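First comes the structure, then the notes that go with it.
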Amino acid sequence: MEGDLTNRELRIQKRIKDSETHVFKAVFPGQTNHHNTMFGGSVLYLMDEIAFMTATRFCRKPIVTVSSDKVDFNQPIPAGTLVELTGTVVRVGRTSLDVRVDVFVESMYRDGREKAITGAFTLVAINESKKPVPVLNDIEY
Ligand SMILES: CC(C)(COP(=O)(O)OP(=O)(O)OC[C@H]1O[C@@H](n2cnc3c(N)ncnc32)[C@H](O)[C@@H]1OP(=O)(O)O)[C@@H](O)C(=O)NCCC(=O)NCCS
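Structural data, given as structure tokens:
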């Protein structure tokens, strides 16, 4: 219940909402394999990129990916479709956070979309010496 949350938790919830990131891409031939569907490596590249953008927008600090969790490729993504990638912070640790990335596919010429891929990434905030630092400055919270 919102009434039970501390001020810090409420601010974290707001940052999570504000950092939700959405990117659309057109699936053109350069990204497809010999099955004429999107190449898995190309999708993973985009997923890591949106995880990075989401984490950066959440904490506004230099960020690196430290781990990627299981990625489920549930549906092929045909050439000539549109994909939407969404990134959401789902866990905030001390120096790390987790971002869930979902990939939705939609036809260019029909309404509607389906979730095709989902995965999770852990990212760490670092300083100039590339050492982990808190994702949030408690002074500000
Ligand atoms: C990210 C990096 C700075 C972390 O250094 P480290 O010495 O492992 O740091 P720590 O052990 O203090 O861990 C820092 C945080 O990362 C988390 N973490 C470390 N390794 C992890 C892993 N494999 N999976 C999930 N979380 C991990 C820790 O739990 C900790 O989180 P917390 O502070 O929220 O509790 C270091 O591993 C690194 O530079 N990795 C390369 C990053 C990179 O180049 N990424 C691009 C990929 S090509």
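Residue numbering for the sequence shown follows numbering that gives the first Met the number 0, beginning at 0 and increasing consecutively. For each residue, glycine too, the CB sits at the ideal point set by N, CA and C. In this text, all values refer to a predicted model and were calculated from it rather than measured experimentally.
- Membership of Gly-29 in any alpha helix (DSSP H) is not indicated, and neither H nor E is assigned to it by DSSP.
- Look at Thr-94 here: in three-state DSSP terms it is coil, with no helix or strand label.
- If you draw a straight line from the Cα of Asp-17 to the Cα of Thr-87, it comes to about 10 Å.
- Exposed is the label assigned to Thr-5, since fewer than 16 other Cβ atoms lie within 10 Å of its Cβ.
- Taken from the Cβ of Pro-61, every heavy atom of ligand 1 lies 8 Å or farther away.
- In this structure, Glu-83 lies away from His-34, with their beta-carbon atoms at least 9 Å apart.
- A distance criterion of 8 Å places the beta-carbon of Gly-92 in contact range of ligand 1, judged by its closest non-hydrogen atom.
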